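Residue numbers (this note's numbering): -13 to 276. We put the CB at the ideal spot given by N, CA and C, even for glycine. The structure displayed is predicted, hence computed values, not measured ones. Structure, as structure tokens:
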Amino acid sequence: MISEDLTLVSHAYRRYRLCVLFMLFFLIATLAMFFITRPLVFVMLAIAVLFHLFVLRPNQKAYTNAYSNANLKLTVCKKLGTDKILEKAHQNITEETLEQARLMPVHSEKGGAPLFRWEVSGTIKGVPVTLCDATIPQSFKLAAKGKPRVHFDAGVWAHITLPSDSGLHFRVLDETSVPTPIRMEYFANSISYENAPLEDEDLKSHCVLYRPKGTDQQPSYSFCKSLKSLMKYTPGYVAVSVHGSSMDVFIRGRFLTRALSLTEKPTEKTISFDPFPELSYLVDLARSVS
-13 MISEDLTLVS HAYRRYRLCV LFMLFFLIAT LAMFFITRPL VFVMLAIAVL FHLFVLRPNQ
47 KAYTNAYSNA NLKLTVCKKL GTDKILEKAH QNITEETLEQ ARLMPVHSEK GGAPLFRWEV
107 SGTIKGVPVT LCDATIPQSF KLAAKGKPRV HFDAGVWAHI TLPSDSGLHF RVLDETSVPT
167 PIRMEYFANS ISYENAPLED EDLKSHCVLY RPKGTDQQPS YSFCKSLKSL MKYTPGYVAV
227 SVHGSSMDVF IRGRFLTRAL SLTEKPTEKT ISFDPFPELS YLVDLARSVS
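Shown next as structure tokens:
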């Protein structure tokens, strides 16, 4: 299985590198023409630009997509028991999913909508999970009467179906997961949720809790323990929404598609490197909801 995926990725990489070499030789030839016949240089530069736009870049994109597909297939998909990857389309995580989670604003004042990529859905240890990379536009103002600006919050979004209706509706956000002015304005405009102090001493130092008004809901000890384990492990910033029979988790700064070197030849080790080991922590977190 790995050898087949590696072969496909290697072929895409080889095509891309051949395009790079051709581009390099062509530019060297163009430079040589500068000393022979200058008018021809402009024609060759135009050809180089067209080659870059219509040959080199498409092959670069084809390689990165092939790599990401193979990497997810061998890691995240394997854990979730699926081989289906939605690169651009999305089925289980939509703008409505984000709105129901009520963790943050999910569109800008100018009508910008979230961008979803690389959606993977499956089941791990009996827990249904959907993951994707999400880029979420959020409007803010530097001053009360200032011009609206747009911030893009990007990371992994996970939607998890809990075994049963928890009866809970609370949000716990790392203060860095959503920029503070955006978060405070969003929840200040909410008629349903209020800020409340966290009872867990470790979490309260860098997290905030929002719960339905008129309730005394607090995350349980086991939930806080699992959440702290996740936060300690991940280099990203976590925001969690528990609402009834669902749990949504956003990890800012983490992505299912890992950074890729375009000069390094793909190997069995690199394409089988797990880009999102946090998945097992998410399952533990879901099981701790009570």
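Using DSSP bridges, identify the partner residues of Arg238.
BP columns for Arg238 point to Gly141, Tyr223.
Nearest to Ile(-12) by alpha carbon, out of Cys193, Phe259, Val275?
Comparing Cα positions, the closest option is Phe259.
Of the choices His192, Ala32, Pro167, Pro198, whose alpha-carbon is the least far from that of Tyr288?
Because the chain here runs from -13 to 276, residue 288 falls outside it and cannot be looked at.
For the alpha helix (DSSP H) containing Pro25, list its first residue and its last residue.
24 to 37 is the span of the alpha helix (DSSP H), which, as asked, contains Pro25.
Between the Cα of Arg273 and the Cα atoms of Phe173, Arg157, His38, Val113, which residue gives the shortest distance?
Ranked by Cα distance from Arg273, the options Phe173, Arg157, His38, Val113 are led by Val113.
With which residues is Ser232 paired in a DSSP beta bridge?
In the DSSP output, where bridge partners are listed per residue, Ser232 has Thr147, His229.
Do you know offhand how far Glu105's Cα is from Lys70's?
If you draw a straight line from the Cα of Glu105 to the Cα of Lys70, it is about 9 Å long.
Going by DSSP, what residue range makes up the beta strand (DSSP E) through Ser125?
Start and end: 113 to 126.
What does DSSP give as the partner residue(s) for Ser206 in the beta ladder?
According to DSSP, which records beta bridges pairwise, Ser206 is partnered with nothing at all.
Three or more beta-carbon pairs under 8 Å between the segment 244 to 254 and the segment 221 to 228, yes or no?
Inter-segment contact for the segment 244 to 254 and the segment 221 to 228 is absent: fewer than three beta-carbon pairs are separated by less than 8 Å.
Take every Cβ of the segment -5 to 9, pair it with every Cβ of the segment 35 to 46, and state whether three or more of those distances are shorter than 8 Å.
The answer is yes - the segment 35 to 46 touches the segment -5 to 9, with three or more Cβ pairs under 8 Å.
Buried or exposed: where does Val269 fall if 16 or more other Cβ atoms within 10 Å of its Cβ makes it buried?
By the beta-carbon neighbour count (other beta carbons within 10 angstroms, threshold 16), Val269 is buried.
Paired residues, beta bridge with Gly108 - DSSP:
Looking at the DSSP output, Gly108 sits in a beta bridge with Val115.
Going by the CB atoms, is the gap between Cys118 and Phe138 shorter than 9 Å?
Against a cut-off of 9 Å, the Cβ pair of Cys118 and Phe138 comes out as no contact.
Check this for me: beta carbons of Tyr207 and Asp186, under 9 Å apart or not?
Going by C-beta atoms, Tyr207 is nearer than 9 Å to Asp186.
His76: which of Ser107, Ala52, Ser163, Phe173 sits nearest, CA to CA?
Checked all of Ser107, Ala52, Ser163, Phe173; the closest Cα to His76 is Ser107.
Three-state secondary structure assigned by DSSP to Pro44
Here Pro44 sits in helix by DSSP.
Can you give me the C-alpha to C-alpha distance between Val62 and Pro261, rounded to a whole angstrom?
For Val62 and Pro261, the distance between alpha carbons rounds to 8 Å.
At least three beta-carbon pairs within less than 8 Å, the segment 42 to 56 to the segment -10 to 4:
As far as the Cβ criterion goes, the segment 42 to 56 touches the segment -10 to 4, which means the pair count is three or higher.
Please report the straight-line C-alpha distance between Val189 and Gly153, rounded to a whole angstrom.
Going by the sequence as given, residue 189 is Leu instead of Val. Looking at the backbone, the Cα of Leu189 and that of Gly153 are separated by about 22 Å.
State yes or no: is the C-beta of Trp143 within less than 9 Å of the C-beta of Thr83?
In terms of Cβ geometry, Trp143 and Thr83 form a close pair [threshold 9 Å].
Using the Cα positions of Ala129 and Glu171, report the straight-line distance between them to the nearest angstrom.
Going from the Cα of Ala129 to the Cα of Glu171 covers about 13 Å.
What does the Cβ neighbour count give for Ser212, buried or exposed, with the cut at 16 atoms within 10 Å?
With 16 or more other Cβ atoms within 10 Å, it is buried.
CA-CA distance, Phe28 and Asn57?
Cα-Cα distance, rounded: 42 Å.
Going by the CB atoms, is the gap between Val275 and Leu148 shorter than 9 Å?
In contact: Leu148 and Val275 (Cβ atoms closer than 9 Å).
Identity of the residue in Phe12, Phe21, Met90, Phe20 nearest Val35 by Cα
Ranking Phe12, Phe21, Met90, Phe20 by Cα distance to Val35 puts Phe12 first.
Contact check, Ala140 vs Thr121 under 8 Å by CB: the rounded distance?
Between Thr121 and Ala140 the Cβ distance is about 4 Å, and since that is below 8 Å, they are a contact.
Going by other Cβ atoms of all chains shown within 10 Å of its Cβ, with 16 needed for buried, is Leu271 buried or exposed?
Taking every protein chain shown into account, the CB of Leu271 has 16 or more other CB atoms within 10 angstroms, so this residue is buried.
Among Thr253, Phe21, Leu4, which has the Cα closest to the Cα of Phe37?
Closest by alpha carbon: Leu4.
Quick one: using the 10 Å Cβ neighbour count with 16 as the cut-off for buried, is Asp151 buried or exposed?
Its Cβ having fewer than 16 others within 10 Å, Asp151 is exposed.
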